[in-house]
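Engineer:
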Amino acid sequence: MGAGFVVGVLGCLILSHAAYSTVQYRGMLKIVEEEFNGPPISVVIELLLGLALSVWAGLSAPGKFLSILPDSDENRMVSLPANLDFLTFNHRARAFPCDPELKLKR
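Here it is as structure tokens:
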């Protein structure tokens, strides 16, 4: 388990605690019969901290980004599949005009 994974779990726990605090705060407001105008500032700060930790973990936990090699044989855009029976070119797009300047008749 790397540091990114631990930070991600911590971020999720902080977000869960912020959600629980908001529900608890709304329940308290119902007891004292006040209107809910928004969560307290401590919950908002907790949400922002949990969001920042979760985003950081999401970007760092998967690992290093690798470049895409355009000359690779495994690249789907370069080679077509061996079985061409399931490629369908007869679909609803043929109803639209090819020229974007043309308008459909009413």
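In my numbering, the protein residues as written are 1358 to 1463. Where a beta carbon is used, it is the ideal one built from N, C-alpha and C, also for glycine. Keep in mind the model is a prediction, meaning the values are calculated, not measured.
Skipping 5 residues on each side, what residues in its chain have a beta carbon closer than 8 Å to that of residue 1360?
Structural biologist: Translated into positions along the sequence shown, residue 1360 becomes position 3. 1417, listed in sequence order.
Engineer: When the distance is taken between beta carbons, is residue 1367 closer than 8 Å to residue 1410?
Structural biologist: In the sequence shown, residue 1410 corresponds to position 53, counting from 1. In the sequence shown, residue 1367 corresponds to position 10, counting from 1. The answer is yes: Cβ separation under 8 Å.
Engineer: For the candidate residues 1425, 1414, 1398 and 1380, whose alpha-carbon lies nearest to that of residue 1363?
Structural biologist: What you label residue 1363 is simply residue 6 of the sequence shown in a count that begins at 1. The option with the nearest alpha carbon to residue 1363 is 1414.
Engineer: Could you name the residues of the same chain whose beta carbon sits closer than 7 Å to that of residue 1375, not counting the 5 residues immediately before and after it, in chain order?
Structural biologist: Along the sequence shown, read from residue 1 onward, the residue named residue 1375 stands at position 18. Correct list, in chain order: 1400, 1403, 1404 and 1407.
Engineer: For residue 1426, which residues from the same chain have a beta carbon less than 6 Å from its beta carbon, with the 5 sequence-adjacent residues on both sides left out?
Structural biologist: Position 69 of the sequence shown, counting from 1, holds the residue named residue 1426. For residue 1426, where only same-chain residues beyond five positions count, there are no Cβ hits under 6 Å.
Engineer: If you reduce the DSSP assignment to three classes, tell me which class residue 1424 lands in.
Structural biologist: The sequence position of residue 1424 within the sequence shown is 67, counting from 1. Coil at residue 1424, not helix or strand.
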